[in-house]
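Reviewing the structure listed below.
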Amino acid sequence: MSQRYVTLTATKTSRVALLVFLAGIIALAIAPHLVPRSLLQDFILVFLLIAMAQCWNLLAGYAGLISVGQQAFVGLGGYGLFAAIVSFGMDPLLAVLLSALCVAVISIPVGFVVFRMQGAYFAVVTWVVAEVFRLLLAQWKALGGGTGTSLPRSATSDMFGLNWAAEVFGVRSAAAREIVIYWAALAVMVVVIAVVYRLLRSRLGLALSAIRDSEMAAESVGVDIGRAKFAAYVFAAFGTALAGALYFLDSARISPDSAFSVLDWTAYVIFIVVIGGIGTIEGPVLGAIIFVVLQSTLSSFGPWYLIVLGVLGIAVMLLAPKGIWGTFSAATGIHLFPTRRRLGAAVPREPDPEA
Amino acid sequence: MGFLNTIIQGVLLGGLYALYAAGLALIFGVMRLVNLAHGDFIVLGAFAILAIATALGLPAPVAAMIALPFMFAFGWALQRLILNRTLKDDLLVPLLVTFGLSIIVQNGLLQVFSADSRRLSLGALETAAFNVGDITLGVVPALTFVAAILVLIGLSLLFYRTRLGRILRATSDSVEIVEIMGVDPRKIFAIAMGISFVVIAVSAFFMGVRANFDPSAGPGRLLFAFEAVVIGGLGSFWGTLLGGVILGVAQTIGGSISPEWQQLSGHVVFLAVILLRPRGLLSRAA
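Respectively, the protein sequence lines represent chains F and G.
Sequential numbering from 8 applies to the first sequence in the numbering used here.
Sequential numbering from 4 applies to the second sequence in the numbering used here.
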């Protein structure tokens, strides 16, 4: 076998981290057994916000696309879900998936429009598009028009997995419904993290990292910038819609203002990514946990709470733009989800024991 | 005659949007900054005028005149203390910092003034109207349009006839070169933001006398301003008037079909323009 260099992304830490991560998922999966119901709702919110934040981070932290209109996909995901359940009586979980797929398809023509603008202009155009969808869906009379609508209780009464969860945990159907949604939210988070991680370690990820570092240099070595960005945009739309649909399945109530809220689905998500650490996979996870803790302790302060979030976000942006995880990682060299490629030693290539 | 009337009301509404857009275009022109808090600063200006008018018992126009220098100082300080730190090559920091400012301003106003919608009072002038042929024009909308033209003339004179304007244009062309010439671009940026805030104060006054406003009105104003800038063509003062008028006409025509279509038709026209002519209607390159 000839000598050749190998490129590595995994490190010893990351292999351990992966095992800890898998153990953590298993622990979270059985958590409904252990934690009180009120905490379960916080967990669901954390999972969904992590999924959304990973998607925004993929755009802003890697693809150089700053969107302030991701609420478009949350709202479309939610309305798609309600339409599928109310109009076609579809199983809720199936409807979540179908709705997110439809949103991914919708995001393609939307992408053609918003990609006409670059940089800061791209950001504002995504916001305009979200407003257009909000105004359009406010006219959908079957789903309550401007005031919105609620899911009938019967819609989730024979939901997939409900009886099973009720039996395993020995709970009533209302609690079982919450557990099923909890699992689904956990699954959405794990899938989004896994896909983003996998994506960033693939050729497309290399292209995105190159774009992040220098768009011009990336183009000059043959990266198809437009295609890489578009792919990231469509995946982010899918992931965001998945989380959005699940959120509205959980809350069982939707209105145009809540579904397309720039504060709830973009400002909070940006705060999460910025605080946690933009351009890392660990950052949004950390940021979402911090955010939900802050929210459950401080949100009773009303406007003051949001002013504090705004000040905190600006301070981090100006003083520590890498965020908590980025700063920690730069100081210690620890990457739990490394996406950086390192050149391995010039050793004969051995069969990878982990492959 | 109904249709012509709709068009003319739309043109006058476009004057207000041109005022919103002029302040945004000025900042983008000089320092390539898209100020996501622009709309919220307009609303802040309206509340400031309202507060001055109420506290001192003055009519709204006098209160607006008093507010002008304070708004200039506020914009100047904002640029010197915060925004100058964001202007590096990176796109992310200025966008996210102004987005954060938008949240802070909205909630600050909510805390101080509550969520109630307010209006700047002009007494009898509010409902005054005059006739041109068969068309009835409101005095306030007509004055807004005149103000927009005056502001644009003022900005053009400032930019193309004065020494400061020459420096502003030079800074816009190349920060490095003006630095070599001994100009501190950070000071120029602060002056530009101050001027933008004067325009914001003027827009705030006319917004406040034309319609109700509340602390959450900012993002909507930002989107209208942005749409007018892009439709008219980036980096052109008179383009903002054209863009504002097109947006205003699109909205009033949409609104005459159905109230829900007022904002929507404006957005749709904007999206159509960026699909067909992404550099705007008045740009030289297609």
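Backbone N, C-alpha and C define an ideal beta-carbon position, used for all residues, glycine too.
Please list the partners that residue i has in chain F, where partner means a Cβ-to-Cβ separation under 7 Å.
i	result
G:Phe229	Val131
G:Pro222	Val269
Can the beta-carbon of residue i be found closer than 8 Å to that of residue j?
i	j	result
F:Phe344	F:Ser21	yes
F:Ala79	G:Val37	no
G:Ile277	G:Val232	no
G:Val201	G:Phe75	yes
F:Ala183	F:Ala173	yes
G:Gly48	G:Ile156	no
F:Pro263	F:Ala145	yes
G:Phe133	G:Val142	yes
G:Val186	F:Met324	no
F:Thr247	F:Val81	yes
F:Met54	F:Leu193	Met is not the amino acid found at residue 54 of chain F; the sequence shown has Phe there. Yes, the Cβ-Cβ distance between F:Phe54 and F:Leu193 is below 8 Å.
G:Leu218	G:Phe116	Going by the sequence as given, residue 218 of chain G is Pro instead of Leu. Yes, these two residues count as a Cβ contact at 8 Å.
F:Val121	F:Ala244	no
F:Phe28	F:Asp98	no
G:Ser199	G:Leu22	no
F:Tyr86	F:Ile331	no
G:Ile85	F:Val318	no
G:Gly17	G:Arg224	no
F:Ser180	F:Ser164	yes
By Cβ distance, which residues of its chain are closer than 7 Å to residue i, with the 5 residues on each side in sequence left out?
i	result
F:Pro39	Leu47, Phe176, Ile186, Tyr189
F:Pro291	Ile57, Ala60, Gln61, Asn64, Ile279, Val280, Gly283
G:Ala25	Val154, Leu155, Leu158, Val202, Phe240, Thr243
G:Ile10	Val252
F:Ile115	Val241
Taking 6 Å as the limit between beta carbons, can you name the residues of its chain near residue i, skipping five residues before and five after?
i	result
G:Leu158	Phe240
F:Thr156	Leu150
F:Thr334	Ala327
Report the partner residues of residue i according to the DSSP bridge assignment.
i	result
F:Gly118	For F:Gly118, which the question treats as bridged, DSSP gives no partner whatsoever.
G:Ala132	G:Gly141
F:Arg22	The partner list for F:Arg22 (beta bridge, DSSP) is empty, contrary to what the question assumes.
F:Ile261	F:Thr156
G:Phe216	G:Arg121
State the Cα-Cα distance for the pair residue i and residue j, rounded to the nearest angstrom.
i	j	result
G:Leu104	F:Thr273	14 Å
G:Leu250	G:Leu226	11 Å
G:Ile256	G:Glu179	47 Å
G:Tyr163	G:Leu19	24 Å
F:Ile288	F:Ile51	19 Å
G:Leu140	G:Gly235	25 Å
G:Leu29	G:Leu125	29 Å
F:Ala362	F:Ala24	A caution first: F:Ala362 carries a pLDDT of 43, below 50, which makes its placement in the model too unreliable to give a value.
F:Tyr312	G:Ala228	29 Å
G:Asn110	F:Ile314	6 Å
G:Ala300	F:Val195	No statement about residue 300 of chain G is possible, as the shown extent of chain G runs from 4 to 289 and does not include it.
G:Val14	G:Asp137	17 Å
F:Asp257	F:Leu169	14 Å
F:Phe237	G:Thr165	45 Å
F:Ala266	G:Ala195	38 Å
F:Asp231	G:Leu279	24 Å
F:Gly340	F:Leu66	24 Å
F:Ala337	G:Ser268	49 Å
G:Glu230	F:Gly76	15 Å
F:Met8	F:Arg348	The predicted model places F:Met8 with a pLDDT of 47, which falls under 50 and marks its position as unreliable; any figure quoted below should be read in that light. Their Cα atoms are separated by approximately 23 Å.
G:Leu27	F:Ala102	42 Å
F:Val299	G:Asn215	35 Å
F:Leu41	G:Phe73	58 Å
G:Leu98	F:Glu222	19 Å
Against residue i, what residues of chain G qualify as contacts under a CB-to-CB distance less than 8 Å, listed in chain order?
i	result
F:Arg123	Ile277, Leu278, Pro281
F:Gln146	Glu263
F:Trp63	Near F:Trp63 there are no residues of chain G at all, since even the closest Cβ is about 11 Å away, more than 8 Å.
F:Tyr69	Result: empty, since nearest Cβ-Cβ is about 12 Å, beyond 8 Å.
Cβ closer than 9 Å: which chain F residues qualify as neighbours of residue i?
i	result
G:His41	Those within 9 Å of G:His41 in chain F number zero; the least Cβ separation is about 10 Å.
G:Phe273	Val132, Val135
G:Val100	Gly320, Ile321, Met324, Leu325
Near residue i, what residues of its chain come up, given a Cβ to Cβ distance below 8 Å and the 5 sequence neighbours on each side ignored?
i	result
F:Tyr219	The sequence shown places Arg at residue 219 of chain F, not Tyr. Same-chain partners within the cutoff: Gly68, Tyr69, Ala70, Gly71, Gly286.
G:Val87	Correcting the residue identity first, residue 87 of chain G is Asn in this sequence and not Val. Same-chain partners within the cutoff: Arg189, Phe192, Ala193.
F:Arg44	Ala182, Glu185
So which residues of chain G does residue i contact, with C-beta pairs closer than 9 Å?
i	result
F:Gly294	Chain G residues near F:Gly294: none, gap ~13 Å exceeds 9 Å.
Cβ closer than 7 Å: which chain G residues qualify as neighbours of residue i?
i	result
F:Pro328	Val96
F:Ala60	By Cβ distance, chain G contributes nothing, its closest Cβ being about 14 Å from F:Ala60, past 7 Å.
F:Val42	Simply none; closest approach about 32 Å.
List, in chain order, every chain F residue whose beta-carbon is nearer than 8 Å to that of residue i.
i	result
G:Asn87	Under the 8 Å cutoff, chain F gives no residues; its nearest Cβ is about 11 Å from G:Asn87.
G:Gly111	Pro310, Ile314
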